[in-house]
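First comes the structure, then the notes that go with it.
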Amino acid sequence: MPDWVERAQALNRLIRPLTFPIAVKVVKSINDFPEKTRRPLKDMGFKTNICVGLTLTRKYGWTVGMTAEDNICPIAAYTYGWSESEPETKSALIEFMKVMNYAANDDAAKTTMEAGTQFKLNKGQYAGVVFSPLERTKVEPDLVMIFCNAAQAMRLVHGATQETGISVHSFFSGRGGTCTEGVLQTFKTKEPKVVLPGNGDRVWAMVQDEELAFTIPVSLLDSVITGLEATHERGIRYPIPVDIRHEPLFPGQLKQVGQ
5 MPDWVERAQA LNRLIRPLTF PIAVKVVKSI NDFPEKTRRP LKDMGFKTNI CVGLTLTRKY
65 GWTVGMTAED NICPIAAYTY GWSESEPETK SALIEFMKVM NYAANDDAAK TTMEAGTQFK
125 LNKGQYAGVV FSPLERTKVE PDLVMIFCNA AQAMRLVHGA TQETGISVHS FFSGRGGTCT
185 EGVLQTFKTK EPKVVLPGNG DRVWAMVQDE ELAFTIPVSL LDSVITGLEA THERGIRYPI
245 PVDIRHEPLF PGQLKQVGQ
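Numbering-wise (the working numbering), the sequence shown opens with residue 5 and increments by one.
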């Protein structure tokens with residue numbers, strides 16, 4: 005197994021995230037859950053959302069596994085292929101977007117749904133998803149998710165583009181943020197993405213106002229770290245080394261005050 009500790013330490017040194025970078029693995033069977041994986045329903049006594057599972061991992065350092073049995077979010081149920089009746093769930097989500105004024109009419113709601121469907125997993129294709137802190141991950145990840153602020157996201161984009169020059173292209177709807185536009189978008193595209201956490205992330209998973217996320221397919225993790233190292237070496241760093249080595253300017257009234 006690759007040295008995930010070394011990679012996590014590099015990310016922590018170069019990006020300095022406030023919470024654990026997360027190793028994410030989408031699994032075909034619950035038999036693929038590692039030993040001592042915590043299940044929300046079985047081990048904590050409640051169903052919850054994918055975004056909460058991510059928070060349990062990044063804040064507590066737990067390895068968390070979720071299936072349809074653990075999930076209570078209709079958006080994730082649909083996009084992860086866990087809905088009992090996909091047509092009914094899709095119709096209900098379209099109606100939800102209209103009722104909540106996310107969409108002005110049927111056409112807007114359907115357009116939004118179709119756009120997000122590109123990241124959807126087929127029904128029954130995958131049984132679950134596992135989240136584990138990268139520095140002691142119990143899974144071989146498909147991707148890594150890092151919660152970050154805007155400046156840290158900028159640095160991760162620097163790392164992701166340094167080798168190829170290819171820009172990072174992301175998809176934002178303000179809904180299904182980390183579960184679908186985060187995990188599933190990178191799982192399916194195999195591309196790094198800036199992720200805008202959705203309203204659900206902030207209401208239930210306690211993602212803070214200033215937080216974004218960044219996802220990296222594991223195949224590109226070393227390339228991103230190499231790009232971060234190369235730019236860091238030239239002084240492009242986080243925390244940002246701001247230009248303060250000069251005499252400050254004061255307004256006229258303050259200049260006249262004696263020292």
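Glycine included, every Cβ here is placed at the ideal spot set by N, Cα and C.
Note the first and the last residue of the continuous alpha helix (DSSP H) segment covering residue i.
i      : result
Ile229 : 225-237
Ser136 : Premise fails: Ser136 lies in the beta strand (DSSP E), 132-137, not in any alpha helix (DSSP H).
Ala80  : 78-83
Ile19  : 8-19
Lys192 : 189-193
Counting only beta-carbon atoms, is residue i nearer than 9 Å to chain C?
i      : result
Met101 : The structure shown has no chain C; it contains just one protein chain.
For residue i, which of helix, strand or coil comes out of DSSP?
i      : result
Gly181 : helix
Val161 : helix
Val199 : strand
Asn109 : coil
Arg42  : strand
Ile240 : coil
Met70  : strand
Lys94  : helix
Val246 : coil
For the beta strand (DSSP E) that contains residue i, what are its first and last residues?
i      : result
Pro221 : 216-221
Leu147 : 147-152
Can you tell me the Cα-Cα spacing of residue i and residue j, whole angstroms?
i      : j      : result
Ala131 : Lys29  : 11 Å
Gly181 : Thr235 : 29 Å
Lys51  : Gly69  : 12 Å
Gly186 : Thr141 : 19 Å
Lys194 : Phe254 : 51 Å
For residue i, write down the residues that DSSP places opposite it in a beta bridge.
i      : result
Val211 : Val211 pairs with nothing; no bridge assigned.
Asn75  : Thr52
Lys259 : DSSP lists no partner for Lys259.
Lys114 : None; Lys114 has no bridge partner.
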